[in-house]
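Visitor:
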Amino acid sequence: MAKFFAPGYFIFLFIMSHLMSIIGKLKTYWNASSIPHELLSLDIAARLSTDSDAIEAASTDFGNIVKETPAAVLYPSTINDILDLIKLSYNTHIPFTIAARGHGHSVRGQAMARNGVVVDMNSLKNNYRTGIRVSWDASLGFYADVGGEQLWIDVLNATLVHGLAPVSWTDFLYLTVGGTLSNAGISGQTFRYGPQISNVHDMDVITGS
1 MAKFFAPGYF
11 IFLFIMSHLM
21 SIIGKLKTYW
31 NASSIPHELL
41 SLDIAARLST
51 DSDAIEAAST
61 DFGNIVKETP
71 AAVLYPSTIN
81 DILDLIKLSY
91 NTHIPFTIAA
101 RGHGHSVRGQ
111 AMARNGVVVD
121 MNSLKNNYRT
131 GIRVSWDASL
141 GFYADVGGEQ
151 LWIDVLNATL
161 VHGLAPVSWT
171 DFLYLTVGGT
181 LSNAGISGQT
191 FRYGPQISNV
201 HDMDVITGS
């Protein structure tokens, strides 16, 4: 049986929805004000976003258990953008938190930064200097030089072209290389070849120093 509601109900619902929308925008504006002014004067300011959709997406992860709202989201075009961000956090009078985010399959909010800056690593895929380079020359060794923003499924596909494959990868391949390495990279091959971190020859780490 259909139910009908009085017009007043719909007016109330509209007002509440409108208020919630305004509150969300005000919250985003307030968070943006916590960004150090020095950050807005850097070149990377053009790649910072305080858009409500970007902030909301960076406030949660796959588990939806922890929620931390950042002040902004950085979409880096180069590694130097991340370096500049970390340097500023070190040198500013009020340091702010920074978190790297791949696809958001993080553990207990690992990829979140309350009132800080979340770095969207996916945007680095558009940079030709990062990516996936596979060595299949026996004299040089068989290895893959991979950016932390790359997905394991893409790494696997790139190596298969040369008849190779990573010796250890996670059972779910739509995770970033940097994300799984930050949690050791345990998989079904670990008992034989060790976790992913045991199969890394060298790694570039951005410290900002």
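When we follow UniProt numbering, the leftmost residue of the sequence shown carries the number 1, and every step to the right adds one.
Quick reminder that beta carbons are idealized off the backbone N, C-alpha and C, glycines included.
Bear in mind that the values here come from a model prediction, so they are computed numbers and not experimental data.
At which residues does the alpha helix (DSSP H) containing Ile86 begin and terminate?
Guide: Along the sequence shown, one-based indexing puts residue 86 at 86. Ile79 to Asn91 is the span of the alpha helix (DSSP H), which, as asked, contains Ile86.
Visitor: Which term fits Glu149, buried or exposed, when burial requires 16 or more other beta carbons within 10 angstroms of its beta carbon?
Guide: In the sequence shown, counting from the first residue as 1, residue 149 sits at position 149. Buried: at least 16 other Cβ atoms inside 10 Å.
Visitor: Helix, strand or coil, according to DSSP, for Leu40 in the structure here?
Guide: Here residue 40 refers to the residue found at position 40 of the sequence shown. Helix at Leu40.
Visitor: Kindly indicate the opening and closing residues of the beta strand (DSSP E) around Arg133.
Guide: Here residue 133 refers to the residue found at position 133 when the sequence shown is read from its first residue. Residues Ile132 to Ser135.
Visitor: Per DSSP, which one or two residues make a beta bridge with Ala144?
Guide: Residue 144 sits at position 144 when you count from the first residue of the sequence shown. Ala144 is bridged to Val134.
Visitor: According to the Cβ coordinates, are Thr92 and Arg114 closer than 8 angstroms?
Guide: To locate residue 92, count along the sequence shown from 1; it is residue 92. To locate residue 114, count along the sequence shown from 1; it is residue 114. No, Cβ-Cβ distance for Thr92 and Arg114 is not below 8 angstroms.
Visitor: Using the C-alpha atoms, what's the distance from Glu38 back to Thr190?
Guide: Taking the sequence shown and counting its residues from 1, the one referred to as residue 190 is at position 190. Taking the sequence shown and counting its residues from 1, the one referred to as residue 38 is at position 38. Distance between the alpha carbons of Thr190 and Glu38: 45 angstroms.
Visitor: Take Tyr143 and list the residues in its own chain whose beta-carbon comes closer than 7 angstroms to its own, dropping the five residues that flank it on each side.
Guide: On the sequence shown, position 143 is the one that residue 143 refers to. Ser135 and His201.
Visitor: For the beta strand (DSSP E) that Arg101 lies in, which residues bound it at each end?
Guide: Counted from its first residue, the sequence shown places residue 101 at position 101. Run containing Arg101: Ile98 to Arg101, per the beta strand (DSSP E) assignment.
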